[in-house]
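Worksheet: the structure to be examined is printed underneath.
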Amino acid sequence: MSEYFDRTADKTYTKVYKAETPDILAAFAAFDQAVFAAEGRAIPLKFRELIALAVGITTQCVYCIDAHSQNAVKAGATEAELAEAAWVATAIRAGGGYAHGRLAFKLADDASPHQH
1 MSEYFDRTAD
11 KTYTKVYKAE
21 TPDILAAFAA
31 FDQAVFAAEG
41 RAIPLKFREL
51 IALAVGITTQ
61 CVYCIDAHSQ
71 NAVKAGATEA
81 ELAEAAWVAT
91 AIRAGGGYAH
101 GRLAFKLADD
111 ASPHQH
């Protein structure tokens, strides 16, 4: 297995979901279609796609990055908007590391001989 990401081949494994959990797959597909409906939402599709791209970057999901970067462009996003979405994701991920890093100090107090 030299590549874990293959746009074409990976989609063939959807057959397992179709065979084993078709009801859940259908519910997920309906949910996803509602979230990314072209019309009828308060947030325009381009911005929902940019949000999804940023989340995909933050979670490091190559499939999300692939789909939502393309969908954002199809919805009218520019390269500058893709770049800013990537930087927003980067800032949030770095900020999470900073904020949760403070927990190390708080939780380390439990092991400190000065606390007992």
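The letter at position 107 of the sequence shown is residue 107 when you use full-length UniProt numbering, and the numbering goes up by one with no holes.
Using N, Cα and C, we set each Cβ at its ideal position, and we do this for glycine too.
With a cutoff of 8 Å on beta-carbon distance, Ala77 and Leu50 are scored as near each other. Nearest C-alpha to Gly56 among Leu82, Ala37 and Tyr17: Leu82. Under a 10 Å Cβ-count criterion, Ala52 is classified as buried, with 16 or more other Cβ atoms of the shown protein chains found around its own Cβ. In the three-state reduction of the DSSP assignment, Ala77 falls in the coil class. At a Cβ-Cβ threshold of 8 Å, Ala54 and Ala34 do not count as neighbours. Close CB contacts of Leu25 within its chain, under the 7 Å cut and outside five residues either way in sequence, are with Tyr17 and Lys18 (chain order).
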